[in-house]
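Below: the structure, in structure tokens.
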Amino acid sequence: MKNITFNQKKTSTIALEFDELIPDEVYTWEKSDFDKYMVPIGNSRFPLSDYFDVEVEGSAESPAEVIMTLNGDLGRVKYIGSKMTDGHIVANSSVDLHCGAEMSGGSITINGNAESYVGREMTGGELEITGNVKEFCGASYIGDWRGMTGGIITVHGNAGKQLGECLTGGQIHVKGNCDILAGIHMSKGFIQIDGNVPRSPGGQMLNGDILINGTLAMFLEGFDQEEIVSNPTVSGKQFNGKYIKFTGDIIRNGKGSLWLNAEKNRHLL
Amino acid sequence: MAYEEPIRDYDRIVENCTCAFCGCNCDDLTYLVKNEHVVGVRHACRLGASKIMEDMDQRLLVPLIRNEAGELVETDWDTALDKAAELIANSVRPVFYGWSETSIETMKQGIKLGEYVGAVLDNQATICHGPSLQAVQNSGYPVNTLGEVKNRADMIVYTGSNAMNSHPRHLARYAAFPRGYFRKKGRFDRTIVTMDPRYTDTAKMSDIWVGFNPNGDYEFYTALRAVLRGKKLKEDKVSGIPRETIEELAEAMKTTEYGCLFFGLGLTHSLAKQRNIDAGIRLIQDLNKYSKWNLIPMRGHFNVNGFNIFMSFEMGFPYGVDFSRGYPRYMNGETNTIDLLTREEVDVFMVIAADPGAHFPGGANRHLANIPVIQIDIHWGPSTELADVVLPGSFVGVEVAGTSYRMDGVPIYMKKAIDKPETCRDDEWIVRELYERVQKIKGEKIASK
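For the protein sequence lines, the chains are A and B, in the order given.
Residue 66 in my numbering sits at position 66 of the first sequence, and the numbers go up by one each step.
Residue 41 in my numbering sits at position 41 of the second sequence, and the numbers go up by one each step.
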């Protein structure tokens with residue numbers, strides 16, 4: 001195994017772009033390679049060593065044998081783990097935009113909050129965020145109809161708007177509350193929200209499952225109530241209790257399922 | 001309103017001029033010129049006329065530089081351009097914002113400069129119709145021209161837009177009142193619908209007003225589309241609108257011969273943002289199964305659409321285009337001016353033909369006050385108070401000719417009517433000159449290394 005530890009020396013107001021510092025690229029690198037590396041900041045490149053002190057221990061034959069640990073304030077470090085295919089990244093701070101975007105394998109643990117576009121268009125791997133995520137978690141790039149197509153995102157806190165927008169596969173589990181338009185345009189995959197949702201989950205969805213364990217304040221006219229199911233199995237997971245099953249979104253001839261905890265959503269019956 | 005005497009004291013008339021105010025780009029104006037100043041404008045609305053008959057008291061006439069005491073002082077063109085070029089050449093995260101009130105020819109120079117220095121090029125869409133552009137990328141653009149609306153439309157829908165106040169001639173020249181080829185009786189041949197939470201001036205002159213709840217747009221459009229698909233609505237009211245009203249409206253829209261939906265910032269900036277427009281576009285697509293429908297965004301500045309069309313054509317992205325890595329990138333929330341300013345990433349800001357000082361949120365302006373700002377404009381405004389270098393430009397469509405794009409995407413060549421003040425320069429020349437000077441500074445830097 002190869003442990004690469006980034007200890008922050010100073011912060012930058014202009015974001016550092018870490019898209020080149022993924023296990024796939026750095027598994028053969030020695031400390032001297034990191035010292036030589038120039039990190040993109042704005043329209044220029046600056047020595048990484050100005051911002052991070054990098055320690056390298058052990059060696060790796062492939063990206064899978066790399067553990068990257070990032071310490072310090074990462075609020076201005078973008079694209080952490082973007083496009084990675086294997087290995088493990090631990091970020092011990094809140095992270096900036098596009099963390100885990102387009103990743104296809106490996107895992108990322110964020111011990112903090114994540115800015116927008118975390119897990120954008122990811123196709124595989126695991127992403128765990130102990131705090132909150134902002135808008136467009138697991139979403140698509142603007143104009144694309146395929147968002148996240150595989151992998152697992154677990155959010156221990158709350159999620160912002162348009163979670164899992166255009167979801168085409170994979171699973172997203174939010175343990176807190178979620179803002180509006182979760183799973184909009186989704187066509188496959190599974191979104192589980194344990195907290196409350198204010199309005200409009202599953203707008204224009206074609207297929208897939210959204211399960212809400214908390215309260216949904218307002219939902220769209222494009223959904224029809226199918227039945228009340230006890231202890232349903234949704235996307236291979238069993239849930240205890242009674243759930244109201246809606247299907248939609250009718251306005252797109254969608255056949256998606258919206259599962260609402262019956263106990264907490266009596267007002268919608 | 002007091003009676004105003006018609007203007008009779010003028011030297012010459014310039015006909016078929018194009019208005020440089022809103023996205024209607026009315027190209028039937030007549031300017032009355034005396035002593036090389038426009039003293040009167042015929043056919044324009046009050047908004048357009050007041051802009052064209054410029055107030056020379058506020059006109060920027062000479063280049064200015066902020067001195068060490070913090071005051072703007074007059075300087076010569078060479079000094080001002082050198083200072084601006086030096087700031088741009090040494091910047092790490094420059095943003096060039098504005099462009100919506102200048103010509104396509106200037107934008108062409110702007111792209112050259114932006115690409116060369118690795119800047120972000122953005123325009124006012126970032127605070128107005130940006131969500132519309134995102135939705136168009138997602139769902140398509142069922143657009144038509146204003147000429148088709150005039151000649152064919154028998155139903156006009158304004159949603160989230162108060163055209164009577166923001167685009168006064170829109171109704172008179174294109175949408176509601178004009179007699180068209182197939183609409184000989186003008187207003188009497190058309191049904192006007194306004195969908196807006198507020199009972200606006202446009203709603204007052206409409207046949208139908210649908211006053212749904214604020215932020216209820218997405219739910220309302222979904223209900224309307226569900227009815228078009230034959231669904232019986234479950235709720236008695238959706239977004240505050242009775243079920244029967246929605247059903248009647250859906251029927252009226254289905255049975256019309258030719259309809260056009262005009263949408264404004266009320267739709268783009270309520271809760272669901274680009275998803276409201278997405279729902280609007282899908283509604284139009286659904287309606288086209290029964291009738292002929294199109295939609296047009298009510299663009300504000302006369303060339304705001306031009307920047308988006310031009311950038312999309314040249315760079316593949318409509319606004320917020322980031323050249324920092326040497327190739328164009330575009331990501332909302334990352335490469336847009338407001339986000340970059342509120343995150344305090346920008347280190348040099350060039351504003352051309354725009355007034356962020358008047359329109360940006362406090363956090364963004366606070367950062368502008370802390371960084372070097374270069375302004376290219378014709379008038380003194382709040383942005384001038386933030387500027388460190390001021391370069392006085394020229395009035396496109398009055399003092400210099402140039403190309404612009406109307407709200408429906410029709411390009412219009414705006415002709416020159418009068419000469420610009422001798423001390424001012426044309427925007428295109430200024431940006432080209434900046435490019436050449438930045439190139440020289442960077443070349444010298446490379447040579448010295």
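By construction, the Cβ of each residue, glycine as well, lies at the ideal position given by its N, Cα and C atoms.
- CA-CA distance, Gly164 (chain A) and Phe6 (chain A)? The sequence position of residue 164 (chain A) within the first sequence is 164, counting from 1. The sequence position of residue 6 (chain A) within the first sequence is 6, counting from 1. So the two alpha carbons sit approximately 30 Å from each other.
- Message: Check whether chain A comes within 8 Å of Lys231 (chain B), counting only Cβ atoms and requiring the distance to be less than that.
- Response: The sequence position of residue 231 (chain B) within the second sequence is 231, counting from 1. Yes, because at least one Cβ of chain A sits closer than 8 Å to the Cβ of Lys231 (chain B).
- Message: Please list, in chain order, the chain A residues whose beta carbon lies closer than 7 Å to that of Asn138 (chain B).
- Response: If you number the second sequence from 1, residue 138 (chain B) lands on position 138. Those are Gly143, listed as they occur along chain A.
- By the criterion of Cβ-Cβ separation under 8 Å, what are the contact partners of Gln134 (chain B) in chain A? Here the question's residue 134 (chain B) lines up with position 134 in the second sequence. Neighbourhood of Gln134 (chain B) in chain A, by CB distance below 8 Å: Ile142, Gly143, in chain order.
- Under 8 Å (Cβ pairs) to chain A, residues found in the segment 241 to 253 of chain B: Within the segment 241 to 253 of chain B, no residue qualifies.
- For Phe188 (chain B), three-class secondary structure by DSSP: Working through the second sequence from its first residue, we reach residue 188 (chain B) at position 188. Annotated three-state conformation of Phe188 (chain B) is helix, per DSSP.
- Task: Please confirm whether Pro197 (chain B) and Phe212 (chain B) have their CB atoms less than 8 Å apart.
- Result: To locate residue 197 (chain B), count along the second sequence from 1; it is residue 197. To locate residue 212 (chain B), count along the second sequence from 1; it is residue 212. Their beta carbons are under 8 Å apart, which means Pro197 (chain B) touches Phe212 (chain B) by this criterion.
- Message: Spatial neighbours of Ala64 (chain A) within its chain, please: C-beta separation below 8 Å, excluding the five flanking residues on both sides.
- Response: Here residue 64 (chain A) refers to the residue found at position 64 when the first sequence is read from its first residue. The residues are Pro23, Asp86, Gly87, Gly106.
- Item | Residues that Ala114 (chain A) contacts on chain B, provided the C-beta gap is smaller than 7 Å | Within the first sequence, the letter at position 114 stands for residue 114 (chain A). By Cβ distance, chain B contributes nothing, its closest Cβ being about 13 Å from Ala114 (chain A), past 7 Å.
- Message: Does Tyr199 (chain B) pass the burial test, meaning 16 or more other C-beta atoms within 10 Å, or should it be called exposed?
- Response: Here residue 199 (chain B) corresponds to residue number 199 of the second sequence, with the count starting at 1. So Tyr199 (chain B) ends up on the exposed side.
- Query: Given that Leu269 (chain A) touches chain B, what residues does it touch there, using C-beta distances under 7 Å?
  - Reply: Here residue 269 (chain A) is taken as the residue at index 269 of the first sequence, counted from 1. Scanning chain B for C-beta atoms nearer than 7 Å to the C-beta of Leu269 (chain A) yields nothing, as the closest lies near 11 Å away.
- Query: What residues from chain A crowd round Tyr218 (chain B), counting only those whose CB sits closer than 9 Å?
  - Reply: Working through the second sequence from its first residue, we reach residue 218 (chain B) at position 218. Within 9 Å Cβ-Cβ: Ile180, Leu181, Arg199, Ser200, Gly203, Leu220.
- Would you kindly work out how many angstroms separate the C-alpha atoms of Met148 (chain A) and Ala176 (chain B), rounded to a whole number? Here residue 148 (chain A) refers to the residue found at position 148 when the first sequence is read from its first residue. Here residue 176 (chain B) refers to the residue found at position 176 when the second sequence is read from its first residue. Between Met148 (chain A) and Ala176 (chain B), the C-alpha separation is close to 45 Å.
- Report buried or exposed for Glu345 (chain B), applying the criterion of at least 16 other Cβ atoms within 10 angstroms of its Cβ. Here residue 345 (chain B) refers to the residue found at position 345 when the second sequence is read from its first residue. That one is buried.
- Query: Using 8 Å as the limit for Cβ to Cβ distance, is Ile22 (chain A) near chain B?
  - Reply: On the first sequence, residue 22 (chain A) is found 22 positions in, with the first residue counted as 1. Under the Cβ distance rule, Ile22 (chain A) does not count among the residues neighbouring chain B, no pair being separated by less than 8 Å.
- Tell me, to the nearest whole angstrom, how far the beta carbon of Gly160 (chain A) is from that of Gly124 (chain A); I am working on the premise that it is less than 8 Å. Residue numbering aside, residue 160 (chain A) sits at position 160 when the first sequence is read from its first letter. Residue numbering aside, residue 124 (chain A) sits at position 124 when the first sequence is read from its first letter. In fact, because the Cβ distance is near 23 Å, the residues do not count as touching under 8 Å.
- At 8 Å on the CB atoms, spell out the chain A contacts of Leu32 (chain B), in chain order. Counted from its first residue, the second sequence places residue 32 (chain B) at position 32. None at all; the shortest Cβ gap to chain A is about 47 Å.
- Message: Closest to Phe21 (chain B) by C-alpha separation, out of B:Ile430, B:Val438, B:Met407, B:Lys420, would be which residue?
- Response: Position 21 of the second sequence, counted from the start, is the residue given in the question as residue 21 (chain B). Phe21 (chain B) has its Cα closest to that of B:Met407, out of B:Ile430, B:Val438, B:Met407, B:Lys420.
- Message: Let's see if you can read the secondary structure: which residues bound the alpha helix (DSSP H) around Trp77 (chain B)?
- Response: For this step, residue 77 (chain B) is matched to residue 77 along the second sequence. Counted as a single uninterrupted DSSP element, the alpha helix (DSSP H) harbouring Trp77 (chain B) occupies residues 77 to 89.
- Reference Ile376 (chain B), options B:Arg432, B:Ala369, B:Glu248, closest by Cα: Position 376 of the second sequence, counted from the start, is the residue given in the question as residue 376 (chain B). Nearest of B:Arg432, B:Ala369, B:Glu248 to Ile376 (chain B), Cα basis: B:Arg432.
- Query: So with Cβ pairs under 8 Å, would you call Thr13 (chain A) a contact of chain B?
  - Reply: Within the first sequence, numbered from 1, the residue matching residue 13 (chain A) stands at position 13. Closer than 8 Å: yes.
- Rounded separation between Ala91 (chain A) and Lys9 (chain A) - CA only: For the purposes of this step, residue 91 (chain A) is taken as the residue at position 91 of the first sequence. For the purposes of this step, residue 9 (chain A) is taken as the residue at position 9 of the first sequence. Rounded to whole angstroms, the separation of the alpha carbons of Lys9 (chain A) and Ala91 (chain A) is 15 Å.
- Message: Quick check on His379 (chain B): does DSSP put it in helix, strand or coil?
- Response: Residue mapping note: residue 379 (chain B) aligns to position 379 of the second sequence, counting from 1. Assigned with DSSP and collapsed to three states, His379 (chain B) falls in strand.
- Message: Strictly below 8 Å CB to CB, what residues from chain A border Lys442 (chain B)?
- Response: Reading the second sequence from its first residue, position 442 is the one you call residue 442 (chain B). Within chain A, no residue comes near Lys442 (chain B); the closest Cβ sits about 11 Å away, beyond 8 Å.
- Message: Measuring only the C-alpha atoms, how far is Gly195 (chain A) from Ile244 (chain A)?
- Response: Your numbering for residue 195 (chain A) matches position 195 in the first sequence. Your numbering for residue 244 (chain A) matches position 244 in the first sequence. Going from the Cα of Gly195 (chain A) to the Cα of Ile244 (chain A) covers about 16 Å.
- Message: Can you confirm whether Lys234 (chain B), when its beta carbon is compared against all beta carbons of chain A, has any partner nearer than 8 Å?
- Response: Taking the second sequence and counting its residues from 1, the one referred to as residue 234 (chain B) is at position 234. For Lys234 (chain B), the answer is yes, since a Cβ of chain A falls inside 8 Å of its Cβ.
- Message: Can you find the residues in the same chain that come closer than 6 Å, C-beta to C-beta, to Tyr79 (chain A), ignoring five residues on each side of it along the sequence?
- Response: Working through the first sequence from its first residue, we reach residue 79 (chain A) at position 79. Only Glu17, Phe18, Asp19, His98 meet the Cβ criterion.
- Look up Lys188 (chain A) in the DSSP assignment and say whether it is helix, strand or coil. On the first sequence, residue 188 (chain A) is found 188 positions in, with the first residue counted as 1. It is a strand residue.
- Could you tell me whether the Cβ of Pro40 (chain A) comes closer than 8 Å to any Cβ of chain B? Translated into positions along the first sequence, residue 40 (chain A) becomes position 40. Taking CB atoms only, Pro40 (chain A) has a neighbour in chain B less than 8 Å away.
- Message: Which of the three DSSP states is assigned to Pro63 (chain B) in this structure?
- Response: As a first step, residue 63 (chain B) must be located in the second sequence, where it is residue number 63. It is coil, neither helix nor strand.
- So Gly333 (chain B) and Asp355 (chain B) are in contact, right, with Cβ under 8 Å, and what is the actual spacing, rounded? In the second sequence, the residue the question calls residue 333 (chain B) occupies position 333. In the second sequence, the residue the question calls residue 355 (chain B) occupies position 355. Not a contact, Cβ separation roughly 23 Å.
- Query: Below 8 Å between beta carbons: does that hold for Ala223 (chain B) and Glu221 (chain A)?
  - Reply: Residue 223 (chain B) sits at position 223 when you count from the first residue of the second sequence. Residue 221 (chain A) sits at position 221 when you count from the first residue of the first sequence. Yes. Within cutoff.
- What residue does the beta strand (DSSP E) around Gln225 (chain A) start on, and which one ends it? For the purposes of this step, residue 225 (chain A) is taken as residue 225 along the first sequence, with counting starting at 1. For Gln225 (chain A), the uninterrupted beta strand (DSSP E) run begins and ends at 224 to 230, by DSSP.
- Coarse secondary structure for Val398 (chain B), derived from DSSP in three states: Here residue 398 (chain B) refers to the residue found at position 398 when the second sequence is read from its first residue. It is coil, neither helix nor strand.
- Rounded straight-line distance, which links the Cα of Cys128 (chain B) to that of Val77 (chain A): Your numbering for residue 77 (chain A) matches position 77 in the first sequence. Your numbering for residue 128 (chain B) matches position 128 in the second sequence. Straight-line measurement puts the Cα of Cys128 (chain B) at about 29 Å from the Cα of Val77 (chain A).
- For the segment 28 to 55 of chain A, enumerate the residues whose C-beta is nearer than 8 Å to any C-beta of chain B, in chain order. Within the segment 28 to 55 of chain A, the residues whose Cβ lies closer than 8 Å to some Cβ of chain B are Pro40, Ile41, Gly42, Asn43, Ser44, listed in chain order.
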